[in-house]
Structure formats: C-alpha cells, structure tokens
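Visitor:
Chains as they are written, first to last, in my numbering: chain A, 97 to 305; chain B, 97 to 305.
Here's what the structure looks like:
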C-alpha cells in the first residue's frame, strides 16, 4: 500500500492526503514528529530523504520527495484520464507554472505560519508582505479567469495546480495574513472545499454540504 | 515562429535557448532590458507577464511564463519521444522534484550572482551559504548515481531536470561560489556541456569538441 511520511499540521502533507482522498486512493501514514521533535532532521529520516523535508511518499520500490512532484506522480499514475495533470502540453505547462507558485506560497505564507504557530525565528513581516504580493497576483488572475467564465487556476477544470496552491492560502490567517482584500481567492477557496472527496485539516474545515 | 522574451545574461533565459538548440527548434528573441533598464517591471512587460519575470515564451496564441514550466512545454510539445520530460510517472515525478530544486538554485546561487555582478542589495553570505547546502546535496546525489552507473540527475538519460539545474550551477563562480568541493558536480557539468547541440553563454563556454 502507498505509504505517506506525514505530519498532520503540514499543509504540504495535507495536500497529498486531500488529493488521494479526492481520487479515491488508499494509503497509510507514517507519523514524523516535525514539531517539537524535528524528526525530519534526524539521521533516520535523512536516510529516507536527504533534503530533510516532508512529505515523502513510497509506492512499492518507488520513493518520492517534494509535494508538487508527488502530486504529478499520483495524477499521472492513478488518474490520468481526469487530466488533474493535463496531457495537452500548453495546459500542462500552465499547471507547472502554478506548481512553482505553490512553492512561493510555502516560502512566504507558510513561513509566516511557522513563525506564529511554532515560534520559528524569521522575518515574519517580510514573509507576510511577500505573501500578499503573491496573493494579489493570484486574486487578479482568478478575477480575470472568472470574467472569462473560468473557475480554476490553470485550466477549465480543477487540476493539481489548485490542490498544490490551496493549503497555505487557506491557512494564511494562522500566519497573520488576512484574506479580506482577496475576494476572488475567497470564492476559489470555497470551490476547492466543495470538490467531491474534499477533506479538511486543523485550520481548514470541510463544508457542511 | 516561437518567440522568446530574452535577456542574454539570464540563466533562466539561457536554459530555454540551450534546450531549443539541443532539440533543434527555431525561435526568435525579443530583447528585454533586465539591467540596467528594469524593463521586466515596466507596464508594457507586466501586461505580458504580471509576475514581472523573464523568460516568457509565445508559441502562436499560447503564452507561457516560468522557465521550468516552459521546458515542460517544449519537451512535451516538440520532442516527446526523447523523454526529456518522461512519460513514466515515477521518472516524471523525479524530474519534477529536480525542477523545484532548479528554483532553489535560482534563489541562492543566482541571487549571489545578481549581488556580485549587478549590485543587487541582498544578504550575499546567506545566499552563498544556502547555495552550498544545495550543491552538497546535489554533489552527493550525483556521486551516488555515478556509483550505480548513472550520469544524470533524474533518469538514466538526460532530462529537462539537467537543463533546468545547469545554468546557475555553472555560473556559480560569478556569485563567489567555488565548485572546488563538488567534484561530482564538475563531472556532471562537463557531461552537460558535451550534449549534442550545446551552446554557451557569457560565463559558460561551449567545449572544444
């Protein structure tokens, strides 16, 4: 069975739990004590992932790191017909550009949350400011997309771009980043929450359907 | 014809010129005065890419941003049979994990180069230190790969992972980052330089074959 090295409060682990639930994939988790244990920096975990980062996914003999790369794997291996990772080169590249944005969101909005929630020492004002710049670009993009009848970040249907960008945007208030100025983001969050198979995590509620 | 919004000294633009030359794709360039003109932050360019970043590639009605995403596009659209972006889900995901590393290299080694070469104000010692941590992980990975008979970052053959990570590693000395401690990286750089169709840029010489 697929094995996910997991920390419940990590948005990057959550996006894999979320996606596997949406596509109906069974998996088991191995708990890694990110906080306070810093187990992701232990010798035992570095033997699994030298980069010292969660999540890691194992599927048989295959071991993968990087949340976005794992989304590409799961979509390509287990649900190619739904085009979560599109076959068309242009749409595929648009998705990939948004996967890079997901990393930018992690470095900013997630960093601010690590500061506020777990006491990480970092320049939280800078992290919040950079996150707001990214949120502004995303909100403008989504507003423009809605004007053209679209609902999702990268295609006319939900893709792993939406899954990848969702968690740390939806958790932004835990890092002191309000979404009051980003109405198109708020509407998009609600659309993601109503995807079939959606599950929440601490800080992100599943909707009362 | 394919149009590349281009700055000659950008490693992220160079990786697209390099890849298009390797796969034999014709293109034209539109010069964007990144320095000193900051033309990538002009209203005219922000209308093309709201993120204010180079490169951008246009192919007919398709406009794409993000160097790694554009590599995925070019490989998928113009040379799928060579598996520069692999069809196999596991290998594809390994490539995607390295595309994320390419962004980490940009944020560290390229930032140090922007400081040294163009006078950008940033914490260059921190950028160099973070770059060396990444280079250590890459060198260890390549050394282990060589022990198993492998030559490339993500597969048994060269992929866009190698193309994406190459430029700012090969330009690292322009940011004050020596590669003396990274012998496996030096051997890999030489292998990339001997790919058919390789071209250099200022700071990266094509080999005397």
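Each residue gets a CB set at the ideal place from its N, CA and C atoms; glycine is no exception.
What is the DSSP secondary structure of residue 127 of chain A, reduced to helix, strand or coil?
Guide: Taking the first chain and counting its residues from 1, the one referred to as residue 127 of chain A is at position 31. If DSSP states are grouped into helix, strand and coil, residue 127 of chain A belongs with the strands.
Visitor: Within 10 Å of its beta-carbon, does residue 270 of chain B have 16 or more other beta-carbons around it, so buried, or fewer, so exposed?
Guide: For this step, residue 270 of chain B is matched to residue 174 along the second chain. Burial call: buried.
Visitor: Whose Cβ in chain B lies nearer than 9 Å to the Cβ of residue 146 of chain A?
Guide: For the purposes of this step, residue 146 of chain A is taken as the residue at position 50 of the first chain. What residue 146 of chain A touches in chain B: 233, 236 and 237.
Visitor: Using only alpha-carbon positions, find the residue among B/213, B/208 and B/148 that is nearest to residue 228 of chain B.
Guide: Numbered from 1 along the second chain, position 132 holds the residue referred to as residue 228 of chain B. Checking every option, the nearest Cα to that of residue 228 of chain B belongs to B/208.
Visitor: Hey, how far is the Cα of residue 312 of chain A from the Cα of residue 176 of chain A?
Guide: What the structure shows of chain A is the stretch from 97 to 305, and residue 312 of chain A is not part of that stretch, so it cannot be assessed.
Visitor: Relative to chain A, which residues along the region 183–197 of chain B have a C-beta separation below 9 Å, given in chain order?
Guide: From the region 183–197 of chain B, only 183, 184, 185, 186, 188, 189, 190, 191, 192, 193, 194, 195, 196 and 197 have a Cβ closer than 9 Å to chain A.
Visitor: Measuring only between beta-carbons, confirm whether residue 158 of chain A sits less than 9 Å from chain B.
Guide: Residue numbering aside, residue 158 of chain A sits at position 62 when the first chain is read from its first letter. With 9 Å as the cut-off, residue 158 of chain A counts as an interface residue toward chain B.
Visitor: I'd like to know if residue 122 of chain B contacts chain A, where contact means its C-beta is closer than 9 Å to some C-beta of that chain.
Guide: The sequence position of residue 122 of chain B within the second chain is 26, counting from 1. Taking Cβ atoms only, chain A never reaches closer than 9 Å to residue 122 of chain B, which makes this a no.
Visitor: Thinking just about the alpha-carbon of each residue, which of B/282, B/262 and B/276 is nearest to the one in residue 202 of chain B?
Guide: In the second chain, counting from the first residue as 1, residue 202 of chain B sits at position 106. Cα-wise, what sits closest to residue 202 of chain B is B/262.
Visitor: Helix, strand or coil for residue 258 of chain A, going by three-state DSSP, please let me know.
Guide: Translated into the one-based positions of the first chain, residue 258 of chain A becomes position 162. In the structure shown, residue 258 of chain A sits in a helix (DSSP, three-state: H, G or I).
Visitor: Do residue 297 of chain B and residue 113 of chain B have their CB atoms nearer than 9 Å?
Guide: Here residue 297 of chain B is taken as the residue at index 201 of the second chain, counted from 1. Here residue 113 of chain B is taken as the residue at index 17 of the second chain, counted from 1. In this structure, residue 113 of chain B lies closer than 9 Å to residue 297 of chain B by Cβ.
Visitor: Which residue wins for smallest C-alpha separation from residue 158 of chain A, given the options A/198, A/100, A/243 and A/140?
Guide: Here residue 158 of chain A is taken as the residue at index 62 of the first chain, counted from 1. Here the closest residue by C-alpha is A/100.
Visitor: Cβ closer than 8 Å: which chain A residues qualify as neighbours of residue 131 of chain B?
Guide: Locating residue 131 of chain B in the second chain gives position 35, counting from the first residue. Neighbours of residue 131 of chain B on chain A: none; closest Cβ ~21 Å, over 8 Å.
Visitor: Under the three-state reduction of DSSP, which class applies to residue 102 of chain A: helix, strand or coil?
Guide: Position 6 of the first chain, counted from the start, is the residue given in the question as residue 102 of chain A. Three-state result, residue 102 of chain A: strand.
Visitor: Expressed to the nearest angstrom, what Euclidean distance is found between the alpha-carbon atoms of residue 275 of chain A and residue 268 of chain A?
Guide: Your numbering for residue 275 of chain A matches position 179 in the first chain. Your numbering for residue 268 of chain A matches position 172 in the first chain. Approximately 8 Å, taken between the alpha carbons.
Visitor: Going along the chain, which residues of the region 207–234 of chain B sit with their C-beta nearer than 8 Å to a C-beta in chain A?
Guide: Hits within the stretch, in order: 233.
Visitor: Out of B/232, B/124 and B/225, point me to the one whose CA is closest to residue 146 of chain A's CA.
Guide: To locate residue 146 of chain A, count along the first chain from 1; it is residue 50. The candidate whose alpha carbon is nearest that of residue 146 of chain A is B/232.
Visitor: State the Cα-Cα distance for the pair residue 253 of chain A and residue 183 of chain A, rounded to the nearest angstrom.
Guide: Counting from one through the first chain, the residue named residue 253 of chain A turns up at place 157. Counting from one through the first chain, the residue named residue 183 of chain A turns up at place 87. Rounded to whole angstroms, residue 253 of chain A to residue 183 of chain A spans 13 Å at the Cα level.
Visitor: Look at the alpha carbon of residue 281 of chain A and the alpha carbon of residue 283 of chain B, and state the distance between them as a whole number of angstroms.
Guide: Locating residue 281 of chain A in the first chain gives position 185, where the first residue counts as 1. Locating residue 283 of chain B in the second chain gives position 187, where the first residue counts as 1. For residue 281 of chain A and residue 283 of chain B, the distance between alpha carbons rounds to 46 Å.
Visitor: Going straight from the alpha carbon of residue 221 of chain B to that of residue 198 of chain B, what length do you get?
Guide: Along the second chain, read from residue 1 onward, the residue named residue 221 of chain B stands at position 125. Along the second chain, read from residue 1 onward, the residue named residue 198 of chain B stands at position 102. Answer to the nearest angstrom: the Cα atoms are 20 Å apart.
Visitor: Please confirm whether residue 168 of chain A has its beta-carbon closer than 9 Å to some beta-carbon of chain B.
Guide: For this step, residue 168 of chain A is matched to residue 72 along the first chain. Judged by the 9 Å Cβ criterion, residue 168 of chain A is in contact with chain B.
Visitor: Kindly indicate which three-state DSSP category residue 160 of chain A falls into: helix, strand or coil?
Guide: Taking the first chain and counting its residues from 1, the one referred to as residue 160 of chain A is at position 64. Strand, per DSSP.
Visitor: Please confirm whether residue 173 of chain B has its beta-carbon closer than 9 Å to some beta-carbon of chain A.
Guide: Numbered from its first residue, the second chain carries residue 173 of chain B at position 77. Judged by the 9 Å Cβ criterion, residue 173 of chain B is in contact with chain A.
Visitor: So the alpha helix (DSSP H) residue 114 of chain A belongs to, where does it begin and stop?
Guide: Within the first chain, residue 114 of chain A is the residue found at index 18, counting from 1. First-last of the alpha helix (DSSP H) with residue 114 of chain A: 107–118.
Visitor: For the alpha helix (DSSP H) holding residue 153 of chain A, just list the boundary residues, first then last.
Guide: Indexing the first chain from 1 puts residue 153 of chain A at position 57. No alpha helix (DSSP H) contains residue 153 of chain A, which is instead part of the beta strand (DSSP E) from 152–155.
Visitor: Would you please verify whether the beta carbon of residue 164 of chain B is less than 9 Å from any beta carbon of chain A?
Guide: By 1-based counting over the second chain, the position of residue 164 of chain B is 68. Output row for residue 164 of chain B: interface = yes.
Visitor: Who are the neighbours of residue 199 of chain A on chain B, taking C-beta pairs under 9 Å?
Guide: Taking the first residue of the first chain as 1, we reach residue 199 of chain A at position 103. Simply 196, 199 and 200.
Visitor: Return no unless some Cβ of chain A is closer than 9 Å to the Cβ of residue 113 of chain B.
Guide: Within the second chain, residue 113 of chain B is the residue found at index 17, counting from 1. Cβ-Cβ to chain A under 9 Å: no for residue 113 of chain B.
Visitor: Thinking just about the alpha-carbon of each residue, which of A/170, A/223, A/185 and A/260 is nearest to the one in residue 194 of chain A?
Guide: Walking along the first chain from the start, residue 194 of chain A turns up at place 98. Considering only alpha carbons, the answer is A/260.
Visitor: Following the continuous alpha helix (DSSP H) through residue 184 of chain B, name the residue where it begins and the one where it ends.
Guide: Within the second chain, residue 184 of chain B is the residue found at index 88, counting from 1. Note, residue 184 of chain B: premise wrong, no alpha helix (DSSP H); not H, not E.
Visitor: Please report the distance separating the alpha-carbon of residue 162 of chain A from that of residue 186 of chain B.
Guide: Residue 162 of chain A sits at position 66 when you count from the first residue of the first chain. Residue 186 of chain B sits at position 90 when you count from the first residue of the second chain. Distance between the alpha carbons of residue 162 of chain A and residue 186 of chain B: 13 Å.
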